[in-house]
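Okay, structure first, notes after.
Protein chains: 2
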Amino acid sequence: MHASATETLAHPSRDEIELAAVLHALSDPVRLLMVRGLAGAIEARSCGSFDVPVTKSTCTHHFKVLREAGVIRQRQEGTKRVNLLREDDLEARFPGLLGTILQAAEHQPLLAARA
Amino acid sequence: MHASATETLAHPSRDEIELAAVLHALSDPVRLLMVRGLAGAIEARSCGSFDVPVTKSTCTHHFKVLREAGVIRQRQEGTKRVNLLREDDLEARFPGLLGTILQAAEHQPLLAARA
DNA sequence: TCAAACGTACGACGATCGTCGTACAACGAA
DNA sequence: TTCGTTGTACGACGATCGTCGTACGTTTGA
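As structure tokens, this is what we get:
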């Protein structure tokens with residue numbers, strides 16, 4: 018992968034997470050779908066495991082937006098890039114925010130029905 | 018005013034309020050500032066009473082975005098257009114959402130210091 | 001009656017956004 | 001070593017966004 022094992026992906030620290038960036042990141046239907054998938058998962062999920070109606074390069078873009086906003090953490094594992102929701106950091110920085118947004122998203126129509 | 022007393026401003030009904038639109042509306046620092054001002058107010062506030070660092074026409078634009086997202090309700094009162102947070106509708110549609118965002122905004126730096 | 005206050009409408013502008021296709025790099029397996 | 005899998009990088013594209021200035025319409029008050 019371009020980002021080899023030695024170089025780490027840029028993530029904002031907990032204190033650097035900005036509300037506007039988080040809200041913007043979650044205001045896109047595709048990204049909200051990704052976050053919902055991450056919220057339901059027990060394990061970290063690879064980028065390719067998401068059933069979203071966009072191409073690979075668009076996927077890369079969306080994960081980058083989520084990572085730079087501080088919503089997810091990305092880690093390289095072999096050829097896969099694995100994604101994890103930063104629930105603890107988000108909860109510490111903006112208590113209740115992720116939970117209420119995720120709950121709000123539940124009774125919203127999905128952008129695309131998933132299996 | 019262009020929109021005379023007889024013609025009403027377009028507002029989404031409670032059920033038409035979309036999460037993505039709300040998050041997008043609140044992801045702009047100026048609009049978040051407006052909403053914070055509205056949340057603190059007991060009475061409805063006129064557009065001009067907000068101390069935001071943008072011109073009048075930009076203000077008009079932002080209030081329109083907030084209204085069309087279902088975040089605020091606008092009502093004409095004489096020459097003033099008066100704004101009110103749709104707290105009840107938002108609470109019914111997305112329980113806790115507005116509150117947690119407002120609370121999150123509190124320990125975020127203001128875009129511009131206000132009196 | 002007339003002017004000031006309030007806010008909109010319209011058009012413009014540069015910036016950002018979401019999307020894609022192509023090319024490429026890294027890792028793992030045969 | 002070679003090939004398939006995984007995902008990135010880069011450039012492009014149209015669309016939307018946030019901002020402004022100017023012109024104008026309403027209402028209120030002098």
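As given, the protein sequences belong to chains A and B, one line each in that order.
Under my numbering, the first residue of the first sequence carries the number 18, and numbering increases by one thereafter.
Under my numbering, the first residue of the second sequence carries the number 18, and numbering increases by one thereafter.
For each residue, glycine too, the CB sits at the ideal point set by N, CA and C.
- Following the DSSP letters along the chain, one finds R92(A) inside the beta strand (DSSP E) bounded by residues I89 to E94.
- The three-state secondary structure of S63(B), taken from DSSP, is strand.
- The beta carbon of R31(A) sits closer than 7 Å to those of D106, A109 and R110, all from its chain and outside the five residues before and after it, given in chain order.
- Nearest CB-CB separation between G113(B) and chain A: below the 8 Å threshold.
- Of the other Cβ atoms in all chains shown, fewer than 16 fall within 10 Å of the Cβ of R92(A); this residue is therefore exposed.
- Residue environment for H79(A): buried (at least 16 other C-beta atoms within 10 angstroms of its C-beta).
- A straight-line Cα-Cα distance of about 31 Å links D45(A) and S66(B).
- Every alpha helix (DSSP H) of 4 residues or more that sits fully in the segment 19-53 of chain A is shown, in chain order, as 36-43.
- In the displayed model, L127(B) falls within coil according to three-state DSSP, outside both helix and strand.
- In this structure, V52(B) sits away from V99(B), with a CB-CB distance that is not shorter than 8 Å.
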